[in-house]
Every structure is written in C-alpha cells, then in structure tokens.
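Trainee: First, the structure itself, so that you have it in front of you.
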Amino acid sequence: MRTLIFLLYTIILVSAVSTQEQYERRNRRNTSGSSLVGEVCSFNTDCQRGMFCGGGLCQCLSNFVAIEKHCWPKINPGESGCVERKQCDAVWPEAICSMSG
1 MRTLIFLLYT
11 IILVSAVSTQ
21 EQYERRNRRN
31 TSGSSLVGEV
41 CSFNTDCQRG
51 MFCGGGLCQC
61 LSNFVAIEKH
71 CWPKINPGES
81 GCVERKQCDA
91 VWPEAICSMS
101 G
C-alpha cells in the first residue's frame, strides 16, 4: 500500500513540475509584445507593434507589410517614412520609394 501511495505521489509531483516548466517556457518566449510575424500568440498584446494575434499566430495589420518577421507601415510612393522598398511595393507593385519621400 505504501508503494502505491508513493507511486501516485511521484506521478502527481512529476506532472506538476512538468506543467510548471511548460508554463515558464511559454512565458519566457511570449513576453508581452515580443512575438514576431508567424510566432505563437494568445493575445494581441503578445505581438509587436503593427500586428495582431489571429489564429494563434502574430500577423501584420492590413496597413502594415511583413518584412523579415517584423511589420512595417505601408507607404505610398512619394510619402516620407520609407525604410524598405517593400513598404511602397505593398501599395503599388514595382514602386520604388526613397528615404526622403
């Protein structure tokens, strides 16, 4: 009987530790606002600026474009604020934008 009780106690203890480790891993990985495009999320606040949590993954808002797992604002040709060519290309395919506008 003691062996059975010890065995049940051990199983419960191991299960609790495993659950705690999973929780801590998930918390470290999903620090608020740290998830990139395509990474797992539970809430919009898990994702970086310009993103939302859709279907459990961080995705760019409609007025942003994904560039190397980050969301950059879409920029119309001629507007200032362009850092990456894809920002203009997302609005007007084949458009080239300059950093000065």
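In this text, residue positions in the sequence shown follow full-length UniProt numbering: the first is 1, and each later residue adds one. Even for Gly, the Cβ is constructed at its ideal location relative to N, Cα and C.
(1) State the beta-bridge partners of Val-65 as determined by DSSP.
(2) Would the region 76–83 and the region 54–66 be scored as touching if the rule is three or more Cβ pairs under 8 Å?
(3) Tell me the residue span of the alpha helix (DSSP H) that contains Gln-59.
(4) Taking only beta-carbon atoms, is Leu-36 less than 7 Å away from chain D?
(5) List the whole-angstrom C-beta distance separating Val-37 from Cys-71, where the pair is believed to meet the contact cut-off of C-beta under 8 Å.
(6) Using 10 angstroms around the beta-carbon of Ser-98, count the other beta-carbons present and answer buried if the total reaches 16, otherwise exposed.
Mentor: The relevant details are as follows:
(1) Counted from its first residue, the sequence shown places residue 65 at position 65. Assignment of beta-bridge partners to Val-65 by DSSP yields Trp-72.
(2) no
(3) Here residue 59 is taken as the residue at index 59 of the sequence shown, counted from 1. Gln-59: not part of any alpha helix (DSSP H); member of the beta strand (DSSP E) spanning 57–60, first to last residue.
(4) Considering every chain present, this structure includes no chain D. It has just one protein chain.
(5) Here residue 37 is taken as the residue at index 37 of the sequence shown, counted from 1. Here residue 71 is taken as the residue at index 71 of the sequence shown, counted from 1. Val-37 to Cys-71, Cβ: 6 Å. Contact.
(6) As a first step, residue 98 is located in the sequence shown; it is residue number 98 there, counting from the start. Ser-98 comes out exposed.
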